[in-house]
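Undergrad: All residue numbers for the sequence shown refer to the numbering used here, where the first residue is 807 and numbers rise by one.
Take a look at the following structure, please.
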Amino acid sequence: MDINDKKIKEVRKIESAINKNLFLMCTLVTLATMVLMTVNFISRGSFLPTNIGFFYLMVVLIYSLHKEFIRWLGEKKSRRQGEYFVYSWVLLTTALYIINFFSNNYFGYSKEGYSVSTLADISYITMEVLGIFVVTRVMKIFFMLRK
807 MDINDKKIKE
817 VRKIESAINK
827 NLFLMCTLVT
837 LATMVLMTVN
847 FISRGSFLPT
857 NIGFFYLMVV
867 LIYSLHKEFI
877 RWLGEKKSRR
887 QGEYFVYSWV
897 LLTTALYIIN
907 FFSNNYFGYS
917 KEGYSVSTLA
927 DISYITMEVL
937 GIFVVTRVMK
947 IFFMLRK
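Okay, here's the thing in structure tokens:
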């Protein structure tokens, strides 16, 4: 094993540890975002908008890009944990649409009768998380074909 291989192996080890921490951080921020947005949905907009969407998406993007960076370093045992974020958002969004449908759009309006955009906001985040997922999958396939 030459010096470059040793350096790459050491970098992989460090970056894999960082990625585990990023995954935990991303999981916590995902749960917080889902709880805040679900509470806002159920309360029919009684709270101010969370405005956490951009922050959340940047956390997911950083985690995803870092994971891709590790893959490009040659990490073989990459676990596909990021998919859980996609599945969680799709399931949550679908469930909220079903609840809203069977309540005759009850959650689409505030107690005062104003239209609230909580469900649309949740849908946008879901689509953006799906977009990040698709882009990273394309990057993975591109990397595999490049080899």
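In this text, a Cβ means the ideal position worked out from N, Cα and C, and glycines have one as well.
1. Could you name the residues that DSSP lists as bridge partners for residue 915?
2. Less than 7 Å between C-beta atoms, sequence neighbours within five positions excluded: which residues of the same chain meet that for residue 842?
3. Let me confirm a value: residue 888 is counted as buried when at least 16 other C-beta atoms fall within 10 Å, else exposed. Which label applies?
4. In terms of alpha-carbon separation, which member of 809, 936, 880 and 911 lies closest to residue 897?
5. Any chance the stretch 905 to 919 sits against the stretch 858 to 875, with 3 or more Cβ pairs inside 8 Å?
6. Take residue 848 as the anchor and find which of 809, 948, 917 and 831 has the nearest alpha-carbon.
7. Which ranges would you report for the alpha helix (DSSP H) in the stretch 860 to 913 if only whole runs of at least 4 residues count?
8. Using the three-state DSSP reduction, which class does residue 849 fall into: helix, strand or coil?
TA: The short version:
1. Translated into positions along the sequence shown, residue 915 becomes position 109. DSSP, once it has assigned bridges, lists 921 as partnering residue 915.
2. Walking along the sequence shown from the start, residue 842 turns up at place 36. These residues qualify, in order along the chain: 856 and 858.
3. Here residue 888 corresponds to residue number 82 of the sequence shown, with the count starting at 1. Residue 888 comes out buried.
4. Here residue 897 refers to the residue found at position 91 when the sequence shown is read from its first residue. Among 809, 936, 880 and 911, the Cα nearest to that of residue 897 is on 936.
5. no
6. For the purposes of this step, residue 848 is taken as residue 42 along the sequence shown, with counting starting at 1. When only C-alpha atoms are compared, the closest one is 917.
7. 889 to 908
8. In the sequence shown, residue 849 corresponds to position 43, counting from 1. Coil.
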